[in-house]
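Be aware that the sequence shown starts at 9, since it is given in this note's numbering, and climbs by one per residue.
Note that CB positions come from ideal geometry on N, CA and C, so glycine has one too.
In this text the structure is predicted, and so the values were computed from the model without any measurement.
Here's the structure, in structure tokens; my notes come after.
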Amino acid sequence: MAPSKSTAGKSSAKRSTHPGTAAAKEQKAESNYQGPRIPKPPGKAGRSSNKGGYNLQEAMGLKEDSDRYNCLRTLVRNQMDGLLKPGQTVRKQKKMAIELCVANLVKKYRFFRRFEDGWPIRDMITIRLQNAKYCATRAHKAEMEASNGDSESDCSNTTTDDKEDSGDSEDLYDDAEPEGDGDSDVTEIDALHAVSRVPVRENEVQKSVNAREKKKFDEVPLDTRRLEQLCLASRERLELVLDTKEESFIWKCLEEEVNPVTSLASPNYPTMLSSVTLEHVKIVTAVDYFGEDGKTVLASTLAGMFPAEEMDPLLITPFRPRSFIDLLLMPELVLGILCLMHGISEEEAYDMKTNRIIMKENHRKIQEALCEDSARERGL
Numbered sequence: 009m010a011p012s013k014s015t016a017g018k019s020s021a022k023r024s025t026h027p028g029t030a031a032a033k034e035q036k037a038e039s040n041y042q043g044p045r046i047p048k049p050p051g052k053a054g055r056s057s058n059k060g061g062y063n064l065q066e067a068m069g070l071k072e073d074s075d076r077y078n079c080l081r082t083l084v085r086n087q088m089d090g091l092l093k094p095g096q097t098v099r100k101q102k103k104m105a106i107e108l109c110v111a112n113l114v115k116k117y118r119f120f121r122r123f124e125d126g127w128p129i130r131d132m133i134t135i136r137l138q139n140a141k142y143c144a145t146r147a148h149k150a151e152m153e154a155s156n157g158d159s160e161s162d163c164s165n166t167t168t169d170d171k172e173d174s175g176d177s178e179d180l181y182d183d184a185e186p187e188g189d190g191d192s193d194v195t196e197i198d199a200l201h202a203v204s205r206v207p208v209r210e211n212e213v214q215k216s217v218n219a220r221e222k223k224k225f226d227e228v229p230l231d232t233r234r235l236e237q238l239c240l241a242s243r244e245r246l247e248l249v250l251d252t253k254e255e256s257f258i259w260k261c262l263e264e265e266v267n268p269v270t271s272l273a274s275p276n277y278p279t280m281l282s283s284v285t286l287e288h289v290k291i292v293t294a295v296d297y298f299g300e301d302g303k304t305v306l307a308s309t310l311a312g313m314f315p316a317e318e319m320d321p322l323l324i325t326p327f328r329p330r331s332f333i334d335l336l337l338m339p340e341l342v343l344g345i346l347c348l349m350h351g352i353s354e355e356e357a358y359d360m361k362t363n364r365i366i367m368k369e370n371h372r373k374i375q376e377a378l379c380e381d382s383a384r385e386r387g388l
């Protein structure tokens, strides 16, 4: 039976949530928004306003346009499937993969460019990963309980002692980790003393205000003298990289993206890697954490400590001095300085470096896209 005209009209008015159709429509969609970029609301997406949260659809200005909101969610999910690992929450994903998701979506779909740092995309990613982890945890628990029930059924004709053992097994499952997003450490807290033991968390609104009032890194003047001293203090770290480059932190990070790492010694390596892998390599080896002036200070100080012409070819082979400095020594120097400045581990220093560099790169791409849109509208 053919659908009625009214039904057909309604269905055609709705946006398709198929990834291909949604992507095509969003790429063609007009973007007439001219205002300043919209900041992230205080609180957490998905929580009620009484608990310091907000409704994501309303915060995006799509309260009356559920079809478009669902289309955008489909596009985000489609991007996640290609870059993120299923079954893991945000904290366990590679930060570079998340940032690439955000950057790709902002570049492709103009609607997202009106939001600061792509926060709706980050919220959608977080919510979807949490929900997937929660469902997996529940399914695991249900299956374990079902398996336990099967075991009890199989042992129904055993002795009383065996039944008591089965009861002990039930207790083990009763003590299983409670449902949740699977990402937080669970500790037992005495209910009578919980109020005194758990510190009061900072109000979400106040946290947002404090973050806005905090002085930006770019506003802090560069202390050239201090940076030179930190470079010199990192000499021992760099000597270890020269002696055993395969044991260096940056080398191990590169190994996750390129195998073998020595293939980067080829001058043509950018043409040999996929665009995603090349983007990862650039982020791992980026050294502009302290800005262009800071990068110049690092390069000149490093050249004084380890002149390229004096490097032992046997130690750095198959790399040439210049590529060895750019791909390994300079990035390791930035990590060493951050470790000394903040008293943190290599992993924490690496996260600090990559997060800042990725945010700067995303900002640059967004600005370029906005300029392209502006030029296109002027007919240039």
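Residue 89 and residue 318 have their C-alpha atoms some 47 Å from each other. Around the beta carbon of residue 154, fewer than 16 other beta carbons lie within 10 angstroms, which makes this residue exposed. DSSP places residue 62 in the strand class (E or B) of the three-state scheme. Looking only at 243, 308, 366 and 245, the smallest Cα-Cα distance to residue 297 is reached by 366. For residue 358, the uninterrupted alpha helix (DSSP H) segment begins and ends at 354-386.
Residue state for residue 257 is assigned as helix, using DSSP reduced to three classes. Residue 264 and residue 105 have their alpha carbons spaced roughly 12 Å apart. Judged by DSSP in its simplified three-state form, residue 298 adopts coil rather than helix or strand. Counting of Cβ neighbours within 10 angstroms places residue 294 among the buried residues, the total reaching 16 or more.
Residue 95 and residue 346 have their C-alpha atoms spaced approximately 32 Å apart.
Residue 92 is positioned such that its CB atom lies closer than 8 Å to that of residue 109. Inter-segment contact for the stretch 250-270 and the stretch 332-348 is present: three or more beta-carbon pairs are separated by less than 8 Å. Excluding five sequence positions before and after residue 357, the CB atoms of its chain that fall closer than 7 Å to its own CB belong to 343, 346 and 347, given in chain order.
DSSP places residue 123 within a strand segment (E or B) once states are collapsed to three. Inter-residue distance for residue 111 and residue 157 is about 48 Å (C-alpha atoms, whole angstroms).
Residue 71 has its alpha-carbon roughly 9 Å from the corresponding atom of residue 64. Contact between residue 340 and residue 245 holds, since their C-beta atoms are separated by about 6 Å, short of 8 Å.
Under DSSP, residue 53 forms a beta bridge with 62.
Using a Cβ distance threshold of 8 Å, residue 45 and residue 122 count as a contacting pair.
Residue 301 counts as exposed, since fewer than 16 other beta carbons sit within 10 angstroms of its beta carbon. At least 8 Å separates the beta-carbon of residue 49 from that of residue 124. Residue pairing by DSSP places residue 129 in no beta bridge whatsoever. In this structure, the CA atom of residue 312 is about 35 Å from the CA atom of residue 283. DSSP places residue 69 in no alpha helix (DSSP H); its state is neither H nor E. About 25 Å separates the beta carbon of residue 322 from that of residue 289, a gap too long to meet the 8 Å contact definition.
With contacts defined as CB atoms closer than 8 Å, residue 362 and residue 103 qualify as a contacting pair.
For residue 326 and residue 274, the gap between their C-alpha atoms comes out near 9 Å.
Sequence-distant Cβ neighbours of residue 257 in its own chain, meaning closer than 8 Å and more than five residues away, are 340, 343, 354 and 358. Of all alpha-carbon atoms in 237, 60, 129 and 52, the one lying nearest the alpha-carbon of residue 305 is that of 237. Secondary structure note for residue 332: its alpha helix (DSSP H) is the uninterrupted segment 329-332.
A distance below 8 Å separates the beta carbons of residue 259 and residue 336. One thing to note: residue 54 has its Cβ within 8 Å of the Cβ of residue 61. When the beta-carbon positions are compared, residue 98 and residue 145 stay at least 8 Å from each other. Cβ-Cβ separation between residue 87 and residue 113: approximately 6 Å, consistent with a contact (criterion under 8 Å).
Judged by their CB atoms, residue 285 and residue 269 are not nearer to each other than the 8 Å cut-off. In the DSSP assignment, residue 338 falls within the unbroken alpha helix (DSSP H) covering 338-350.
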